[in-house]
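Throughout, the numbering used here is defined as the position within the sequence shown, counted from one, plus 10. Cβ atoms here follow ideal geometry from the backbone N, Cα and C, with glycine treated the same way.
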Amino acid sequence: MSAAPPDPAPPAAPRNGRGLVLVWAAWTVVTALPFAITAWGAARRGRFFPGAFLFPSDIYQYLSFVEQAARGALLLENKFDLRPFEPFFLNLEWLGVGWLAAALGGRVLLAFHLAGALAGALLAAVAARVLRLAGLDGRQAAWGLALLLCGSGLG
Numbered sequence: 011m012s013a014a015p016p017d018p019a020p021p022a023a024p025r026n027g028r029g030l031v032l033v034w035a036a037w038t039v040v041t042a043l044p045f046a047i048t049a050w051g052a053a054r055r056g057r058f059f060p061g062a063f064l065f066p067s068d069i070y071q072y073l074s075f076v077e078q079a080a081r082g083a084l085l086l087e088n089k090f091d092l093r094p095f096e097p098f099f100l101n102l103e104w105l106g107v108g109w110l111a112a113a114l115g116g117r118v119l120l121a122f123h124l125a126g127a128l129a130g131a132l133l134a135a136v137a138a139r140v141l142r143l144a145g146l147d148g149r150q151a152a153w154g155l156a157l158l159l160c161g162s163g164l165g
């Protein structure tokens with residue numbers, strides 16, 4: 011009686027991540043274009059675009075958390091609540107972005123957008139790995155990644 015053959019190993023990650031980088035870069039540019047065009051148009055008219063089409067107050071709240079973390083705060087407060095209270099909110103994402111802003115010389119908006127691009131790169135890398143583990147490679151994996159990023163509501 012012979013032993014069953016061992017399970018096949020999962021496919022190895024490609025040696026060249028050029029396809030992943032190209033898909034991520036294209037996705038980042040395409041999803042940033044509406045915001046960049048709107049900001050450019052607003053600036054030409056002497057107006058300011060806060061960075062969101064809906065609920066711009068949310069963006070201001072996030073940026074306030076990043077600004078507090080960049081100043082060294084560990085516990086964050088809601089600056090838009092007029093009632094007095096002690097800082098109590100701990101959010102690791104905004105702390106990390108705040109520390110990035112501090113490393114960039116206090117450039118909160120740059121850190122915010124850079125963190126978004128880095129999060130997109132991490133998402134694309136994880137999704138590409140899942141697609142490879144599912145047996146897709148080459149062009150199939152690239153098209154699958156493009157479909158996942160654009161068709162999931164993330165793009």
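Burial state of residue i (16 or more Cβ within 10 Å)
i           : result
residue 129 : exposed
residue 103 : exposed
residue 150 : exposed
residue 50  : exposed
residue 108 : buried
residue 25  : For residue 25, the pLDDT reaches just 46, beneath the cut-off of 50, and the residue's location in the model is therefore unreliable, leaving the point undetermined.
residue 34  : buried
residue 37  : buried
residue 40  : exposed
Cβ-Cβ distance between residue i and residue j below 8 Å
i           : j           : result
residue 114 : residue 138 : no
residue 86  : residue 99  : yes
Residue from the options with nearest C-alpha to residue i
i           : options               : result
residue 31  : 127, 144, 145 and 146 : 127
residue 120 : 94, 73 and 161        : 73
residue 122 : 88, 76, 136 and 92    : 76
7 Å Cβ shell around residue i - same chain, five flanking residues per side excluded
i           : result
residue 116 : 80
residue 83  : 97
residue 69  : 60, 61 and 62
residue 48  : 59
residue 118 : 73, 76, 77, 80 and 111
Nearest-angstrom beta carbon gap, residue j and residue i [assumed within contact, 8 Å]
i           : j           : result
residue 124 : residue 110 : 7 Å
residue 159 : residue 134 : 7 Å
residue 58  : residue 52  : 6 Å
8 Å CB neighbourhood of residue i in its chain, flanking five on each side removed
i          : result
residue 21 : Summary for residue 21: the model assigns pLDDT 46, below 50, so the residue's position carries little reliability, and this model does not support an answer.
6 Å Cβ shell around residue i - same chain, five flanking residues per side excluded
i           : result
residue 136 : none
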